[in-house]
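Peer 1: Under mature numbering (1 follows the signal peptide of the UniProt record, and there is no 0), residues -26 to -1, 1 to 90 are what the sequence shown spells out, in order. Structure below; questions to follow.
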Amino acid sequence: MASFRASLPILVAVATLLLLDHQVHSDADFAILNNKTMPGKCYLDSNNGPVIIESEQLVRHPDKCANIYCGRNSWALIFTCSAARVPQGCVVTDYIDIKAPFPTCCERDWVCNDIL
């Protein structure tokens, strides 16, 4: 127990750095992902069935390019891709690799119209 208490500040610092990194590369939204049968955990219905996320755990969203951080009492912070910045006259197309780890999966192609 004493070794856990000693390592707690290090764990908090690492978690904070992870969250700050995601904030630089992404947008974030809050959600309550609760299920009465699993108090304190985050519960997400996905295309492949339910996903149970332990409190204080960060996981990749199973269905889209996003990460989910499960906080206390089933409050979740969902990191999503920031709006793509493209040159004027260009449009955003598909994701380059939607299965890549977040935030790498946010990278998108775009097509530009050279006709003026």
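For each residue, glycine too, the CB sits at the ideal point set by N, CA and C. Predicted model only: the values in this text are computed from it and were never measured.
If you reduce the DSSP assignment to three classes, tell me which class R46 lands in.
Peer 2: In the sequence shown, the residue the question calls residue 46 occupies position 72. Looking at R46 - three-state DSSP - the assignment turns out to be helix.
Peer 1: Could you tell me which residues DSSP pairs with G23 in its beta bridges?
Peer 2: Here residue 23 is taken as the residue at index 49 of the sequence shown, counted from 1. Its beta-bridge partners are S20.
Peer 1: Would F4 and N41 qualify as a contact pair, given that the criterion is a beta-carbon distance under 8 Å?
Peer 2: Translated into positions along the sequence shown, residue 4 becomes position 30. Translated into positions along the sequence shown, residue 41 becomes position 67. Going by C-beta atoms, F4 is not nearer than 8 Å to N41.
Peer 1: Need the endpoints of the beta strand (DSSP E) that V33 sits in, please.
Peer 2: Taking the first residue of the sequence shown as position 1, residue 33 is located at position 59. Counting along the chain, the beta strand (DSSP E) containing V33 begins and ends at Q31 to R34.
Peer 1: Would you tell me roughly how many angstroms separate the C-alpha atoms of C80 and I27, rounded to the nearest one?
Peer 2: Taking the sequence shown and counting its residues from 1, one reaches residue 80 at position 106. Taking the sequence shown and counting its residues from 1, one reaches residue 27 at position 53. Roughly 22 Å separates the two Cα atoms.
Peer 1: For N8, which of V25, R82, N21 and D71 has the nearest alpha-carbon?
Peer 2: Reading the sequence shown from its first residue, position 34 is the one you call residue 8. Ranking the options by Cα distance to N8, first place goes to V25.
Peer 1: Within a Cβ cutoff of 7 Å, which residues of the same chain sit near V85, ignoring the five residues on either side of it in sequence?
Peer 2: Residue numbering aside, residue 85 sits at position 111 when the sequence shown is read from its first letter. Taken in chain order, the residues that qualify are C64, V65 and T67.
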